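The block underneath contains the structure these notes are about, expressed in structure tokens.
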Amino acid sequence: MTDAFINWISGPVLRAKANKSFRINEAVLVGEKKLLGEVIRLDHDEIVVQVYEDTTGLRPGDPLNGTRSELSIRLGPGLLGNIYDGLLRPLDTQGRYVETGFDQKRGDQTYPFTPSLKIGDSVKPGAVFGSVQRSDARSQRALVPPNLEGEIVELAETGCYTEDQVVCTIKRPDGELHEISLSHRWPVRKPRPVTTRLPVEGPLFTGQRILDSIFPLGCGGRAAMPGGFGTGKTVLQETLAKWCDADVIIYVGCGERGNEMAGVLHEFPGLEDPLTGRPLMERTVIIANTSNMPVAAREASIYTAVTVGEYFRDQGMRVALMADSTSRWAEALREVSGRLGELPSEAGYPAYISSRLADFYERAAHVKTLCGQEGSLSIIGAVSPPSADFSEPVTTHTKRYTRCFWALDASRAQARFYPAVHPLLSYSQDSDVLADFWNQQGNPQWPKQRRRFLTLIEEQSRLERMARIVGKDALPPRQQHILLCAELINEAFLRQSAYSPIDRFCSPAKQIAMMRIIINFISLSEAAVNEGVSVERINDLPVMRRIRRMGEEIAENQLDDFKELMRNMEAEFTHLSEGVISNAS
Ligand SMILES: Nc1ncnc2c1ncn2[C@@H]1O[C@H](COP(=O)(O)OP(=O)(O)OP(=O)(O)O)[C@@H](O)[C@H]1O
Ligand SMILES: [Mg+2]
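For this note's numbering, add 516 to where a residue sits in the sequence shown, where the first one is 1.
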């Protein structure tokens, strides 16, 4: 018997008269083509459904059937290295569907499984019952689904199995037998359980100086990356996806332009991990939901992504999720809400936008997993506020739920100053905790140095306003000196090209060496100015050019060159003050 019949359709939303009871968030199959949808509202005998596929051709009277389960995805060892749509259906590198349908069976690929428990063992939810060795050397764990426990009554031997083959049978305490394979399904809107949430410890190291050294993000933390049109959000998200030190990267292209996503799909498979030398794609899951794909699927895509992220976190891995852009996701929410006739709130977004953003960001955490490991999921969400207005609802609500705010600035981007993170508009609430990391890396002075940099940049913005009125040359030497130091911090340290093979990734040791050079420059030049040397002469020192370009010129395997640079700088300053002293005498 058909469960319901459609009686009203508007774009991705439809109403249907139900012959049976449905549950909220139940997945449904709509029409003859069995399009996937989800119940989002119940109203007496009528249900409201959002459909994740193109609804063209559907008409009133078409059948609709429930699936009796929530909208869920299949999580297993085959996820890594592939590209999916917002509901985790595989796409090829051109962004086309490999196969349609929603069963999400993963084909015939087999994975070598080795059991780590034995028959008769009792298992708790989320326990590890074996390991899965992938051909690319990235080993994963076979997990008991988080909602299941009992005694193992059957267990496969070491061998190769597909993701769908049964490898373990568990007898639940109530006597019911439950078969599990290397993969299991999990509802996308439900956070996967953990033992405890832990405080942030180390950073998610990104290799980007302005982030790691100035506005660091803790592992398991959340960052917002708001920026107007063309300020470099996508390039920065991709840079992080390439170089950050997570074990697994989930990259969600959410409502971005198709050709931009095609760039990612084309570029990623050819990239190498700078840390391991292996293909980057091996640790990456790409979820592509371009602007031409159905709007409701875009709404689901970030929950899909975060669920995939939690699955790897539960294996004891460090996971980083990049979402580009959450504003396009919020627009999808607005469109569906508009079609439902809901009362709009700020800027037309539904009133629940804030809680939905919270649901998403709250799933980032550093945790003790059910199987006792430590794992983390960090989320970095790009926001594209219209007219770069950071007071619009998506940006302000995102700000409430994130600890790092990396504001991309249009005037920096226009000056081709990348990454265009504005040092005065951005902040990191994780920086105090992460001082320990820099201490372990050999730089106990980091908090002081960081504060010095930020203070100088703040003074620069004040002095520049003044300089615009009176002219730069009219400023006293000490103030001109502040301007020179701030300019050097910007130019030599904060600026970093994503396209330079040497500069695109900066290790902790290189960041420390660069920071030291600048800090030393500040003191030497300050002393020189106090002795009466003009700022102009300091700026003309030959070493200045080298300092400005040190990021791009000194490669990771030549870090000793920083020592030489430091010696050269000190020698030139000694020379300068000797000149002043001899002039004076
Ligand atoms: N870190 C960088 N290094 C060098 N160039 C960059 C960098 N970031 C951005 N750019 C330049 O700026 C251009 C626009 O960047 P991008 O597409 O990332 O902006 P966006 O904020 O994602 O834009 P949109 O709002 O349209 O999505 C890039 O094509 C590139 O030329
Ligand atoms: Mg973009």
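Idealized CB from N, CA, C, for every residue including glycine.
From a predicted model like this one, the values you see are computed outputs, not experimental measurements.
- Taking C-beta separations shorter than 7 Å and ignoring five residues to either side along the sequence, the partners of residue 566 in its chain run 528, 529, 553, 554, 556, 812, 852, following chain order.
- Under the three-state reduction of DSSP, residue 945 is assigned to coil, being neither helix nor strand.
- Nearest neighbour of residue 682 by Cα position, chosen from 631, 707, 737, turns out to be 631.
- Residue 544 and residue 563 have their C-alpha atoms spaced approximately 11 Å apart.
- At a cut-off of 3 residues, not a single continuous stretch assigned as beta strand (DSSP E) sits fully inside the segment 983-1070.
- Listed in chain order, the beta strand (DSSP E) elements of length 3 or more contained wholly in the segment 682-769 are 682-687, 693-697, 700-703, 712-714, 738-742.
- With a threshold of 16 other beta carbon atoms within 10 Å, residue 693 falls short and is exposed.
- For the options 1002, 886, 1028, the alpha carbon positioned closest to that of residue 956 is the one of 1028.
- Counting every other CB atom within 10 Å of its CB across the protein chains shown gives residue 985 a total below 16, marking it as exposed.
- With 16 or more other Cβ atoms from the protein chains shown falling within 10 Å of its own Cβ, residue 1060 counts as buried.
- The segment 771-832 contains, as complete beta strand (DSSP E) runs of 3+ residues, the segments 800-805 (chain order).
- For ligand 1, a non-hydrogen atom lies closer than 8 Å to the CB of residue 932.
- Of the candidates 561, 864, 763, 724, 561 places its Cα closest to the Cα of residue 536.
- Secondary structure at residue 589: strand, using DSSP grouped into helix, strand and coil.
- Residue 988 is positioned such that its CB atom lies no closer than 9 Å to that of residue 972.
- When the alpha-carbon of residue 818 is set against those of 759, 624, 879, the nearest one is in 879.
- The beta-carbon distance between residue 572 and residue 740, rounded to whole angstroms, is 36 Å. This is too long to meet the 8 Å contact definition.
- Burial check for residue 547: the Cβ neighbour count within 10 Å reaches 16 or more, so the residue is buried.
- Note on geometry: alpha-carbon atoms of residue 866 and residue 843 lie some 13 Å from one another.
- Excluding five sequence positions before and after residue 1068, the CB atoms of its chain that fall closer than 6 Å to its own CB belong to 1016, 1018, 1019, given in chain order.
- By the Cβ criterion, the segment 636-647 is not in contact with the segment 585-602, since fewer than three pairs of Cβ atoms, one from each stretch, lie closer than 8 Å.
- The Cβ atoms of residue 1022 and residue 659 lie no closer than 9 Å to each other.
- Between residue 789 and residue 798, the gap from beta carbon to beta carbon is short of 9 Å.
- Here the alpha carbons of residue 927 and residue 1065 stand approximately 22 Å from one another.
- Taking residue 707 as reference, the option from 931, 881, 729 with the minimal CA-CA separation is 881.
- The Cβ neighbour count for residue 1091, taken over all protein chains shown within 10 Å, is under 16; the residue is labelled exposed.
- In terms of side-chain proximity, the C-beta atom of residue 1043 is found no nearer than 8 Å to any non-hydrogen atom of ligand 2.
- By the neighbour-count definition (other C-beta atoms within 10 Å, threshold 16), residue 948 is an exposed residue.
- Short of 7 Å from the beta carbon of residue 558, and not among the five residues preceding or following it, lie these beta carbons of its own chain, in chain order: 538, 540.
- When the five nearest sequence neighbours on each side are left out, the beta carbons in the same chain lying within less than 8 Å of the beta carbon of residue 1050 are those of 993, in order along the chain.
- Here residue 757 has 765, 767, 838 as same chain residues with Cβ atoms under 6 Å from its own Cβ, once five neighbours each way along the sequence are excluded.
- Selection 1062, 1026, 1093 evaluated against residue 1053 yields 1093 as nearest (Cα-Cα).
- Of 656, 684, 781, the smallest CA-CA separation from residue 664 is found for 684.
- Between residue 602 and residue 820, the gap from beta carbon to beta carbon is short of 9 Å.
- Relative to ligand 2, the beta carbon of residue 755 is positioned no closer than 8 Å to any heavy atom.
- In the structure shown, the three-state DSSP call for residue 846 is helix.
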